[in-house]
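Undergrad:
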Amino acid sequence: MTDQPPRLRFAPSPTGYFHVGGARTALFNWFIARKTGGTFVLRIEDTDTERNRDEWTQGIQDAMRWVGVDWDEGPYFQSERTHLYAAAVQQLLDAKRAYFCTCTADDSRARNITAHGKQGEGRGYDGFCRGRGLTTGAVRFRTPDEGITTVIDLIRGEPQFENSLIEDFVIRRTAGGFMFLLANVVDDIDMRISHVVRAEEHLPNTPKAVLLWQALSPDVALPVFAHLPVIVNEQRKKLSKRRDKVAVEDFRTQGILAPAMANYLALLGWTPPDEVEIKTLAQMTAEFRLEGVHKASAMFDIAKLCAFNGEYIRAMTIDEFTDAARPYLTGPLNPINGPLPTAAGLAEGQEPVTLPGAFPPDAFNETVFRAIAPHVQDRARLLSDVPALVDFLYVVTPRDEAAWAKTMDAPGSSAMLDGFLNEAPSVEWTSDALKSLVERIGVANELKLGKAQAPIRVAVSGRTVGLPLFESLEVLGRNETMQRVLAARQTG
RNA sequence: GGCCCCAUCGUCUAGGGGCCUAGGACAUCACCCUCUCAAGGUGGAGACACGGGUUCGAAUCCCGUUGGGGCUGCCA
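Residue numbers (our numbering): 19 to 510.
1. Could you compute how far the alpha carbon of D150 sits from the alpha carbon of N47?
2. If you count every other CB in all the chains shown that lies within 10 Å of the CB of D206, and 16 or more means buried, which is it?
3. Hey, F196 and Y94 are a contact pair by Cβ (cut 8 Å); roughly how many whole angstroms apart?
4. Considering Cα atoms alone, identify which of Y412, T509 and R417 is closest to L494.
5. Report buried or exposed for H245, applying the criterion of at least 16 other Cβ atoms within 10 angstroms of its Cβ.
6. The alpha helix (DSSP H) spanning K465 covers which residue range?
7. Excluding the 5 residues preceding and the 5 following R115 in the sequence, name in chain order all residues of the same chain whose CB lies nearer than 7 Å to its CB.
8. Give a yes or no on contact between the segment 283 to 292 and the segment 417 to 426, applying the rule of three or more CB pairs nearer than 8 Å.
9. Could you spell out the range, first to last residue, of the alpha helix (DSSP H) harbouring C324?
10. What would DSSP say about Y94, mapped onto helix, strand or coil?
11. Beta-carbon within less than 6 Å of D237's beta-carbon, same chain only, minus the 5 sequence neighbours each way: which residues are those?
12. Whole angstroms is fine: what's the gap from L504's alpha carbon to R475's?
13. What span of residues does the beta strand (DSSP E) with H393 cover, start to end?
14. Tell me the residue span of the beta strand (DSSP E) that contains I189.
15. Can you tell me where the beta strand (DSSP E) holding E180 begins and where it ends?
16. What does the alpha-carbon distance come out to for the pair L364 and L400?
17. Please classify I166 as buried or exposed, where buried requires at least 16 neighbouring CB atoms within 10 angstroms.
18. Assign Y346 to one of three DSSP states: helix, strand, or coil.
19. Note the first and the last residue of the continuous alpha helix (DSSP H) segment covering Y282.
20. With burial defined as no fewer than 16 other Cβ atoms inside 10 Å of the residue's Cβ, what is the status of R69: buried or exposed?
21. Sort out for me which residues DSSP pairs R61 with in a bridge.
22. Assuming Q395 and I331 form a contact by the criterion Cβ under 8 Å, report the distance between their Cβ atoms to the nearest whole angstrom.
23. Select from A105, T298 and P222 the residue whose C-alpha is nearest the C-alpha of R190.
24. According to DSSP, Y117 sits in a beta bridge with which residue or residues?
25. Which residue spans inside the segment 238 to 309 form an unbroken alpha helix (DSSP H) run of at least 4?
26. Leaving aside the five residues before and after A451 along the sequence, list all residues of the same chain whose C-beta is less than 7 Å from its C-beta, in chain order.
27. Could you give the DSSP three-state label for G39: helix, strand or coil?
28. On the three-pair Cβ rule with 8 Å, is the segment 47 to 57 touching the segment 301 to 314?
29. Inspect the beta-carbon positions of E492 and S449 and report whether they are closer than 7 Å.
30. With distances taken from CA atoms, which of E185, T224 and M426 is nearest I170?
31. Quick check: what's the CA-CA separation for S479 versus F410?
32. How would you label G328, buried or exposed, when you count the other beta carbons within 10 angstroms and need 16 or more for buried?
33. Go through its chain and collect everything with a Cβ distance to L152's Cβ below 8 Å, but skip five positions before and after it.
34. Going by CA-CA distance only, name the one from A423, F438 and I390 that's closest to L407.
35. Is the segment 27 to 43 touching the segment 278 to 287 in the sense that three or more CB pairs, one from each, lie closer than 8 Å?
36. Just checking my contact of I274 with L323 at CB under 8 Å: how many whole Å lie between their CB atoms?
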């Protein structure tokens, strides 16, 4: 190692939404770069022209910025650097470290089975074209027949791999495209990457990368590797885009806050030395050490993510919270503009939202919202929870039929509504006075406050649970409140 | 099948020979607070996979077993 500032890179492939695993990898790279004063490079590995799409490239960058991970160089695009890979392949060919091959996968497998029986199936390429002197076809890297390749890994120690077991792998396709391993190593050499921090699934490929690096640039020091534990689902399988909910963009839409996301992600495989889990990015950056990363795979626990998010929501100022919630109230994320993913779809075990919480954006009154906001913050775990919490303040009463029937049929309900209708017009319209009023009417009807407030709550909000009633009434105003209670009394 | 990685409460983890009758967080249960629901407070239950070693002493070191995972593409 030299004493130069470290250079790290995040090298995503633009084949889909930004995966939470990728976000964690990017974050850990970023921690090291920021902590050491090093450089963080973003490199888009778009060598698979079949699967890449421009919008994914943009999406990844947006999502990275959103979680708070910025980069110093790039994005570089491998699709624009093919001349480097072509030169590297030629260098290898000239040095007899690579050769052309025209075998198909079927050819190779058939020969392996002939030579080794059923067990031969998983053996990999058999080196058939090594000495054939071909001048067309795919290009394979010629791996050594003996010796050991050791990977220096800050997290895993020094795993060793027998060279004889490493097959001659393809570095350039028959069609001319360059393979991941080749492009990856050429770029890491060219960009003087000193630390390769990536997910553990890359560990088995790392000896190939080391061999390639040594063949290409024996004078350039190898990078130090750090293979992060994989993030798994409830079944302990690697999180997959197909099976699992993994898109950072989706969590953002559901109303996960960026700092909560970053904070939670950082804790997948790492713990701050003082074991305090809720931390700012700056604090975590100062405390982060690759050597402290846990080795075992980690399950992505949405419930804990949501708990963290609740903490962050509660810690916001009213200004911050109002700004964060606005898109869910008046903007594109208002459920009236389309199906909003519910909390139930996010975290299992949560109650489905039975009332949509949708209302016309022009019904929104920010003054009203700000007045009640602290109570909303105590109850929302996701920003997408907010509309259903406050909708009754803006629209005609939502009505949960089950709650309505249960509450209005209870003894004393009619008397409570009548009493309220009689006395509320003359009471001071503050939460304290309203509370005293309902308490008093309750006593007259032999109801404790808990029971006494229920019919009024249902009349006004349509539900049995929700924001504190008297604060809500104060904010709703006398006219609207009286109308709703009257309507409830009349329709039953 | 082969190669590689891993193994502490349900989950994320602290722990790197005696400080451990194993600590924290999420989840869970109880109680308190309370206008509902939350939030908050207090308390409870809950783990060192198993078997051998090494050692005066092992969750911590070594070996094995078992279990889980990753890779094994002319994907990345």
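Glycine residues also receive a C-beta, built at the ideal position from the N, C-alpha and C atoms.
Keep in mind the model is a prediction, meaning the values are calculated, not measured.
TA: Looking at the atomic coordinates:
1. As written in the sequence, residue 150 is Arg, which differs from the Asp given in the question. Cα-Cα distance, rounded: 43 Å.
2. buried
3. Not really, about 14 Å apart at Cβ, beyond 8 Å.
4. Y412
5. buried
6. The question names Lys, but residue 465 is Leu in the sequence shown. Note, L465: premise wrong, no alpha helix (DSSP H); not H, not E.
7. F159, R160 and A233
8. no
9. I320 to A333
10. strand
11. none
12. 13 Å
13. Where H393 is concerned, there is no enclosing beta strand (DSSP E), although the alpha helix (DSSP H) it sits in stretches over E384 to Q395.
14. V188 to R190
15. Q178 to E180
16. For L364, the pLDDT reaches just 40, beneath the cut-off of 50, and the residue's location in the model is therefore unreliable, leaving the point undetermined.
17. exposed
18. helix
19. A276 to A284
20. exposed
21. Y94
22. 5 Å
23. A105
24. R158
25. 266 to 272, 276 to 284 and 299 to 305
26. V445
27. helix
28. yes
29. yes
30. T224
31. 5 Å
32. buried
33. Y117, F118, C119 and T120
34. I390
35. yes
36. 7 Å
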